[in-house]
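A short worksheet on the structure shown next.
Residue numbers (the UniProt record's numbering): 1 to 222.
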């Protein structure tokens, strides 16, 4: 197989490093160095260096001079703060889209069907969570509030990491589908109070799963 070079190598390095940061609990709270990554990934320094810059821009890692790329660990405060902000944004957007009759029914219905179509027994957790993120983002974007959408978008990396961790709980896939149906059904019916209650329940359950993992000393995102 030909060795990857140029943009292809950079993209490959980025995807593999993002996978590492999202799914390997051993890297949390540690530094990733170019030298160790060259050996681990079998790529040259240049694409790895470029990929680390991309990861830092996406807030997966923090670049520390002379130390490497730091993968910050998750804390209970981080979980609480993130989910409090998420709840505020999504609840507001539920009320706003119902009031303006801009609930993205078609998009959310399609995404819900895509989640249901996944084989739960073999589903890729990141694929499931990626659809999950798109489901919630569709609602936020439909509220037509650029500032709120930007704030929500900045949380996407944390959402992905948290979502993968929560998805490890037995039966969580099925619970998420049930909770998503409750959210969509309330939005579709134009019942703002029910939509807010369903969103709050969904977010609270996920938050509490993550806090429980931290209490048990379970590393994230595994």
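Every residue gets a Cβ at the ideal spot worked out from N, C-alpha and C, and that includes glycine.
It should be emphasised that the depicted structure is a prediction, and the values quoted were computed from it without experimental measurement.
Handout entry: Beta carbon of residue 184 nearer than 8 Å to that of residue 109
Key = Yes, the pair counts as a contact, with Cβ atoms nearer than the cut-off.
Handout entry: Contact under 8 Å by Cβ, residue 84 with residue 211
Key = It is not a contact, given that the beta carbons lie outside the stated cut-off.
Problem - Inside the region 66-140 only - alpha helix (DSSP H) runs reaching at least 4 residues - result: As far as the region 66-140 is concerned, its whole alpha helix (DSSP H) runs of at least 4 residues are 76-100 and 105-117.
Exercise for the section: Quick one: grab the DSSP three-state call for residue 63. Expected result: Three-state result, residue 63: strand.
Practice task
May I ask you to verify whether the region 175-189 touches the region 151-158, counting CB pairs closer than 8 Å and requiring at least 3?
Solution key: These segments do not touch.
Handout entry: Residue burial classification, residue 181 (beta-carbon count within 10 angstroms, cutoff 16)
Key = With fewer than 16 neighbouring CB atoms inside 10 Å of its own CB, residue 181 falls in the exposed class.
Problem - Range covered by the alpha helix (DSSP H) that runs through residue 216 - result: According to the DSSP assignment, residue 216 belongs to no alpha helix (DSSP H), since it is labelled neither H nor E.
Problem - Proximal residues to residue 38 (C-beta, below 8 Å), its chain only, five neighbours per side dropped - result: Annotation for residue 38: 44, 45 and 48 place their beta carbon closer than 8 Å to its own, counting only its chain and skipping 5 residues before and after.
Exercise for the section: Output the boundary residues of the alpha helix (DSSP H) element that contains residue 149. Expected result: It spans 146-154 - the alpha helix (DSSP H) in which residue 149 sits, taken as one unbroken run.
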